[in-house]
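A.B. asks: Residue 1149 is where the sequence shown starts when you use the numbering used here, and the numbers rise one by one after that.
We put the CB at the ideal spot given by N, CA and C, even for glycine.
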Amino acid sequence: MENTLERMVDRIYEEGISRAEQKAAAIVAEAEAKAGEIVARANADAARIVGDAERQASEKKRSTEAELKAAAGRVVSGLRHEISSLLRERLIGAPVKAALADGDFIKDLILGIVKNQQNKDLTITVSEAQKDALLAKLKQAMQAELAGLTIIGDGRKSGFSIAEKGAGYEIEFSDHAMLEFLEPHLKQATAELMR
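1) For S1206, name the three-state secondary structure that DSSP assigns.
2) Could you say if the stretch 1245-1264 and the stretch 1300-1319 meet the contact criterion of at least three C-beta pairs nearer than 8 Å?
3) Go to I1240, then tell me how far its alpha helix (DSSP H) extends in each direction, as first and last residue.
4) In whole angstroms, give me the CA-to-CA distance for A1190 and G1199.
5) Could you name the residues of the same chain whose beta carbon sits closer than 8 Å to that of K1279, not counting the 5 residues immediately before and after it, in chain order?
6) In angstroms with no decimal places, state the Cα-to-Cα distance between Y1161 and I1186.
7) Could you tell me which residues DSSP puts in a beta bridge with E1093?
8) With respect to the alpha helix (DSSP H) encompassing D1252, which residues constitute its N-terminal and C-terminal limits?
9) G1199 by DSSP, collapsed to three states: which one?
10) Pairing CB atoms from the stretch 1227-1242 with CB atoms from the stretch 1322-1335, are three or more of them under 8 Å?
11) Classify D1256 as buried or exposed, calling it buried when 16 or more other Cβ atoms lie within 10 Å of its own Cβ.
12) Roughly how far, in whole angstroms, is the beta-carbon of A1317 from the beta-carbon of A1325, given that I think they are within contact range, below 8 Å?
13) For I1272, count the other beta carbons within 10 Å of its own beta carbon; 16 or more makes it buried, fewer makes it exposed. Which is it?
14) Please go through the same chain and pick out, in chain order, the residues whose beta-carbon is closer than 6 Å to the beta-carbon of M1156, but skip the five residues on each side of it.
15) DSSP three-state call for G1303: helix, strand or coil?
16) Please report how far the alpha carbon of G1184 lies from the alpha carbon of I1197, in whole angstroms.
17) Nearest to A1281 by CA position, among N1264, D1252, L1270, I1165, is which residue?
18) Where DSSP assigns a beta bridge to L1270, which residues make up the other side?
19) Are the Cβ atoms of G1303 and S1275 separated by less than 9 Å?
20) When you compare only the Cα positions, how much space is there between K1209 and K1217?
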């Protein structure tokens, strides 16, 4: 009987071990399946995150490139404008200012304008600093040809203006007016030069 009992215990023991091994194998298989799902989800999430990051990086790159291109365009445009302004100042501004500060040039210009004027009853306005020198230069012409000419001084820095008395108009020969007159012609030339 002992043998039978021992065999029964061995058989129960083996069945218990067999069942435990089967249950352990089922638990391991289930754990491996869940781990596979978790890994698959993690890989999908990682791929999505990487895709989002690449898309955002690409958008940021395009945005940055567009901003840099716009900024470079503004810098180039500003530089062209500055160069054009410097060219205009050097080519027109300085010579015009120098000419309008030169008493002989102003005298010759006034005489040229007045010669073609039928009514010699004119008022010329110059800077207070130029008034006496211009009067001295035009004294002889004022007695002969320009008897109605009046020269007055004001606070202007350079240039002069001519007004016919009672006519209601005034022609200004200041550096600003001359630059304004000549600038459109120079703008076209400097624009062609910048191309």
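C.D. replies: For this structure:
1) helix
2) yes
3) First-last for I1240: undefined, no H or E at that position.
4) Straight-line Cα distance between these residues: approximately 14 Å.
5) Excluding positions up to five away in sequence, the list reads I1299, I1300, G1301.
6) 36 Å
7) Summary: the structure shown does not reach residue 1093, with the chain confined to residues 1149 through 1343, and so no result is reported for it.
8) 1251-1263
9) helix
10) yes
11) exposed
12) The identity of residue 1317 in the sequence shown is Tyr, whereas the question assumes Ala. That pair is no contact at about 14 Å.
13) buried
14) none
15) In the three-state scheme derived from DSSP, where H, G and I count as helix and E and B as strand, G1303 is classed as coil.
16) About 20 Å.
17) D1252
18) E1312
19) yes
20) Answer to the nearest angstrom: the Cα atoms are 12 Å apart.
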